[in-house]
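Notes follow the structure.
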Amino acid sequence: MQKDHILQAIALQIEAEIDRGISIWIDPAWNEPASSFLARAASSPRSSGAQSVRGQASATRSKGRQIPAARSKGRQIPAARSEGRQIPAARQAESRPSFSPPPPATGRDRDWKSKLEKLRQETLACKKCPLHETRTNVVFNSGSGKIPLVFVSEAPGANEDAQGEAFVGRAGDLLTKIIAAIGIDRRDVYICNVLKCRPPGNRNPMPDEIAACSPYLARQLEILKPRVICTLGLFATQLLLDTKAPIGKLRGRVFRYLETPLLPTYHPAALLRNPHLKRTVWEDVQLLRKILDGGIKKAGIEIQMTESKPAARPIPQSGDLFESS
Ligand code: URA
Ligand code: SF4
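Every letter in the sequence shown is one number past the one before it in this note's numbering, and letter 297, counting from 1, is 385.
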């Protein structure tokens, strides 16, 4: 293996670990060089990504899965990438995009709300995996789902377990700002997790738990019929796309879950640990908003994939991206 390949492989592994919330830096002196290396790795084009992810998706597909695999014809489209431009603070406000009201949901059954409520009641009584023994509350979702945009993440943490609502802790505050950065009130979207009960000590979800719980998520998505899904972090992304590829390879590209466009990005907790990832997520959610508003075709994303580079536009510096103005 060449040195560059080894470094790239290490970078991808580190990204995946960060995304799963594992703190890896022991010596503070490593932080700066490691962060800038990761930032470079995250923004460098990965031309072979689409092929290799597709290959892995089919290689890891197994019989009897609860969540159908991503369609192989699902397109994988590189998101806009920044050039690491620095722009003066005074210009940042100007560069904030303005948004028109998001589109309403269409195509749902008239009784979608009662269907969701029935499903929620089912999860409240669920004992299909051992997590029911240690939970305080089942965490079914957050938000009304009025706007056809669904965020899917990993599992409830301590705050969510205590309050019975998804994303109410520090990561939740940041997610609120991320959603606000695309002109949307988080109360109007739908936020849910792969697991509805908290893994003790915030450990990673286990395969058996995911297998037991994922039918609830599949059903939520079926009822909600989102125009676009955004997966936050490794677990939700790998589950819905049926792949083992690292999040750094998947984020910012558009896939499909069944017929629905799906855009993976980093978990907000990863951003709390690594603020340099905010710029990348900001770019990802701008793309998410375009898909929400106009679908893949109208957003011109197919054209970007095949021939043209994204139009140059100023990108705010990380750290200020999700502050409310
Ligand atoms: N992290 C998650 O993945 N989900 C939550 O609901 C909260 C934190
Ligand atoms: Fe049931 Fe899911 Fe909770 Fe396990 S995590 S007990 S499958 S609701």
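Virtual Cβ for every residue (Gly too), placed ideally from N, Cα, C. Note that the structure is predicted; figures quoted are calculated from it, not measured.
Residue j beta carbon less than 8 Å from that of residue i
| i | j | result |
| --- | --- | --- |
| I279 | F239 | yes |
| T348 | V373 | no |
| R286 | A243 | yes |
| N281 | S241 | yes |
Cut-off 7 Å between Cβ atoms - residues of its own chain near residue i, not counting five sequence neighbours on either side
| i | result |
| --- | --- |
| D276 | G231, S232, K234 and I235 |
| T440 | As displayed, the chain neither begins before 89 nor continues past 413, which places residue 440 out of reach and without an answer. |
| R307 | L207 |
| P288 | T222 |
Inter-residue CB distance, residue i and residue j (contact presumed, cutoff 8 Å)
| i | j | result |
| --- | --- | --- |
| K313 | T211 | With a Cβ gap of about 20 Å, K313 and T211 do not count as contacting. |
| I270 | R367 | I270 to R367, Cβ: 15 Å. No contact. |
| K203 | I311 | 5 Å |
Residue i versus the options, residue with shortest Cα-Cα distance
| i | options | result |
| --- | --- | --- |
| A193 | D199, L237, L309 and L219 | L237 |
| I384 | R341, N362, L219 and W200 | R341 |
| H355 | L305, L262, Q308 and M294 | L262 |
| L309 | F187, P293, P185 and W200 | W200 |
| Q209 | P288, D330, P185 and G252 | G252 |
| L359 | P191, L329 and G321 | G321 |
| L305 | N247, L328, M294 and R361 | L328 |
| G245 | K265, C301 and P293 | P293 |
| L219 | C301, P191, T264 and D330 | C301 |
Buried versus exposed, by CB contacts within 10 Å (16 or more), residue i
| i | result |
| --- | --- |
| F323 | buried |
| T222 | exposed |
| A333 | buried |
| G195 | exposed |
| P185 | exposed |
| T197 | First, the residue type needs correcting, since residue 197 is Asp and not Thr in the sequence shown. With fewer than 16 other Cβ atoms within 10 Å, it is exposed. |
| P189 | exposed |
Sequence-distant residues of its chain with Cβ nearer than 8 Å to residue i (five each side left out)
| i | result |
| --- | --- |
| D273 | I267 |
| D249 | R223, T224, N225, V227, C285 and R286 |
| G407 | Note that G407 has pLDDT 49, beneath the 50 cutoff, so the model's placement of it is unreliable and the number below is only indicative. If we look at G407 and ignore the five residues flanking it on each side, its Cβ neighbours are P363 and K366. |
| D296 | C217 |
| V256 | S230, N247 and E248 |
| P191 | I235, P236, R315, L380 and D381 |
Same chain, Cβ closer than 6 Å to residue i, neighbours up to 5 away in sequence not counted
| i | result |
| --- | --- |
| R315 | P236 and L380 |
| F187 | G271 |
Residue i at chain C interface by Cβ criterion, 8 Å
| i | result |
| --- | --- |
| E210 | Judged by its chain identifiers, the structure shown contains no chain C, having just a single protein chain. |
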